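Numbering (my numbering), first residue to last: 1444 to 1765. Backbone N, C-alpha and C fix where the C-beta goes; we use that ideal spot for every residue, glycine too. Please read all numbers here as calculations on a predicted model, not as lab measurements.
The structure is reproduced here in structure tokens:
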């Protein structure tokens, strides 16, 4: 695995400076443990990772939610559901009136020990953001492993049986697409029509929205680019497609990322790069030591990978920006 951070020029990148707006979303990485090991994974998650958020930091997250006007708790991983405290965190956050998002890889719904998980998500009215990098079996299995497509389809059908994806149920099921190679996603609305047609006709699957995500040149994907001699070309692609109109809407302006140890970063990508919050005093800040108001107006740590969020139609945890 290549060390990607030096290649992205932190501290002297020419990416435009950014400042934080009011904090709306607390994105919490519950650990790098995952039942899958995907080629594109920007945090190098897998079945053998041991980094998992403990009960003490789970309690810190809940205290932060109780004391600050946060609208959304965005849970990610790894497979966030594999954290042993996942269900307690979700139910406690919902009792606080916080909207909870679960970034689900779908196959975890069939994992031993996860019995009743889909039903729990529906009961708590959790918004599911399900990873499905393509509607074609060959492409999904090529990126995520043999059998993943079939298991993902079963997961979607299980969620649909609980009324996820039904516009009248209030149970939101969004799909997340990312390219299978070093190219930008197509237009989100156009691709969504293809997903609806193929998944609907062949598998009877319904969903609310399709979200497109640009592959970031970090961790496994970035290392693959370096190893195959494509890193420079991919970075040039991101730069050439930079769209200034996307800049005001990038996710880091309204979101803060919390790693499995409770430490703060401007986004999930900076977290896995080890690129801390800007400013020496903020470099090692823990969630327990800060309020939402203290983050507002602070500069955001940027490097060349940030071009991935502003290239083309843009990319964020909520999909395309334009």
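- Nearest in C-alpha terms to residue 1522, of all of 1494, 1738 and 1593, is 1494.
- Counting along the chain, residue 1570 sits inside no alpha helix (DSSP H); it lies in the beta strand (DSSP E) bounded by residues 1570-1574.
- With fewer than 16 neighbouring CB atoms inside 10 Å of its own CB, residue 1590 falls in the exposed class.
- In the DSSP assignment, residue 1639 is bridged to no other residue.
- For residue 1716 against residue 1680, the beta-carbon gap comes to about 20 Å, at or over 8 Å, which does not count as contact.
- Residues of the same chain with a CB within less than 8 Å of the CB of residue 1531, apart from the 5 flanking positions on each side, are 1501 in chain order.
- In this chain, residue 1700 is not harboured by any alpha helix (DSSP H); it is covered by the beta strand (DSSP E) spanning 1698-1701.
- Closest in C-alpha terms to residue 1740, from the list 1748, 1755, 1756 and 1721, comes 1721.
- Here DSSP, grouped into helix, strand and coil, assigns residue 1675 to helix.
- Here residue 1611 is exposed. Its C-beta has fewer than 16 other C-beta atoms within 10 Å.
- Around the beta carbon of residue 1451, 16 or more other beta carbons sit within 10 angstroms, so the residue counts as buried.
- In the same chain as residue 1616, and ignoring 5 residues on each side of it, the C-beta atoms closer than 7 Å to its own belong to 1571, 1573, 1602, 1607, 1608, 1650 and 1651, in chain order.
- The straight-line gap separating the alpha-carbon atoms of residue 1447 and residue 1662 is approximately 7 Å.
- Remark: three or more beta-carbon pairs, one from each stretch, lie closer than 8 Å, so the region 1633-1648 and the region 1574-1581 are flagged as touching.
- If you check the CB distance, residue 1719 and residue 1735 do not come in under 8 Å.
- Using a Cβ distance threshold of 8 Å, residue 1533 and residue 1557 do not count as a contacting pair.
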